[in-house]
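Residue numbering for the sequence shown follows this note's numbering, starting at 458 and increasing by one per position.
For reference, the structure is listed below as structure tokens.
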Amino acid sequence: MGDVNGVEVVRARQRAWATGLRIDLDVDGYCTALDRNLFHPFSEACRAEFAAGDGSELEKGGARGKIQALHSSAALACNFFEYWRERDLAVLGTVFGLRTRPSRLAFERKFPTGLGGIAPNMDVVLYEPDGEIFAIESKFTEPYSTSKLKCYLKQKYFLDGRCLWTEVGLPGCQAAADDLRNDTLNFELLDVAQLLKHMLGLGRTGSLWRLCCLWYRIDGRIGQRHQEELEQFSQKIGADAARFTSLTYQKLFGRIRATIGPEHDAWVSYMEKRYFNEAAA
Numbered sequence: 458m459g460d461v462n463g464v465e466v467v468r469a470r471q472r473a474w475a476t477g478l479r480i481d482l483d484v485d486g487y488c489t490a491l492d493r494n495l496f497h498p499f500s501e502a503c504r505a506e507f508a509a510g511d512g513s514e515l516e517k518g519g520a521r522g523k524i525q526a527l528h529s530s531a532a533l534a535c536n537f538f539e540y541w542r543e544r545d546l547a548v549l550g551t552v553f554g555l556r557t558r559p560s561r562l563a564f565e566r567k568f569p570t571g572l573g574g575i576a577p578n579m580d581v582v583l584y585e586p587d588g589e590i591f592a593i594e595s596k597f598t599e600p601y602s603t604s605k606l607k608c609y610l611k612q613k614y615f616l617d618g619r620c621l622w623t624e625v626g627l628p629g630c631q632a633a634a635d636d637l638r639n640d641t642l643n644f645e646l647l648d649v650a651q652l653l654k655h656m657l658g659l660g661r662t663g664s665l666w667r668l669c670c671l672w673y674r675i676d677g678r679i680g681q682r683h684q685e686e687l688e689q690f691s692q693k694i695g696a697d698a699a700r701f702t703s704l705t706y707q708k709l710f711g712r713i714r715a716t717i718g719p720e721h722d723a724w725v726s727y728m729e730k731r732y733f734n735e736a737a738a
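Here you go:
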């Protein structure tokens, strides 16, 4: 069912959910009121973090914010993770297999590459007590559209013969970046350039870290193709793959649902009806 146009499949499901709740939408599937796109309204901390980000997520100057879209990956991440910031982050530590209970959660964190310009913004970050970083790149509809930019790195990443990834201890990522530059590495769906930028920024922190690509899988060949490209990326970066992992939102939700008690039924019901009303992928 997802093979023809995965984005439209996801959008149709989201629109059906919103229509059932009589949520006002514009013609593009954006909620006219942001709060109707969220499980509960922004906390002060959450709003401040999104306001400080570079993704134009919030309404500004009368223009709608990207997070108002039913198909927004930022809205999906906010609905999934913000609930736990106000409760027990140990739940997230458990389902992600972290060594310790996270001490802090944040959205839209910036990890500069050292090259100036707009720093890569990480969708969600879990900080462990010893300072280790578990960074999450959230994907909803993005994997199901193609763009040449997904395999493109600007010349500034290679100026003066520098090997930026090697300099921060990521030789496998350097090899992947070089292959992108030489047009010898191609992906149809995976935004490999974005992943490499994130890993470069994380590598410059001087902290222990891991990056997780958390993605929403749809049925059919196109979902399988994205999975295969994630595996191809891991193989390409060699030993650096120890710092990279991927997981579907469906599997993560299944883990949480099996871990928590009935006191979280309202959140589980919302997420299940809106995002996970089919068998976990």
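All C-beta atoms, glycine included, are put in the ideal place defined by N, C-alpha and C.
Remember, predicted model here, so these are calculated numbers, not experimental data.
| Check | Outcome |
| --- | --- |
| For ASP580, the three-state DSSP class (helix, strand or coil) | strand |
| Reference GLU589, options ASP511, LEU704, THR662 and HIS683, closest by Cα | THR662 |
| C-alpha gap between GLY459 and ASP587, whole angstroms | Low per-residue confidence applies at GLY459: pLDDT is 40, beneath 50, and the placement is therefore not dependable, though the value from the model is reported in the following sentence. Each residue's Cα considered, the two are about 42 Å apart. |
| Exposed unless 16 or more other CB atoms sit within 10 angstroms - verdict on ALA634 | buried |
| Buried versus exposed call for GLY554 [16 or more other C-beta atoms within 10 Å across all chains shown] | exposed |
| Three-state class that DSSP yields for GLU594 in the structure shown | strand |
| Residue range of the beta strand (DSSP E) that includes ARG493 | Unbroken run through ARG493: none, as it is neither H nor E. |
| Same chain, Cβ closer than 6 Å to ASP636, neighbours up to 5 away in sequence not counted | LEU642 |
| Buried or exposed by the 16-neighbour rule on C-beta atoms within 10 Å, applied to TYR706 | buried |
| Distance CB(LEU668)-CB(HIS655) smaller than 7 Å | yes |
| Coil, strand or helix - LEU653 by DSSP | helix |
| As assigned by DSSP and simplified to three states, the class of LYS611 | coil |
| Rounded C-alpha distance that separates ARG638 from LYS613 | 11 Å |
| ARG674 (DSSP reduced to helix, strand or coil) | coil |
| Rounded Cβ spacing between PHE564 and CYS503 (contact assumed at less than 8 Å) | 6 Å |
| Pair within 7 Å by beta-carbon distance, PHE690 and PHE710 | no |
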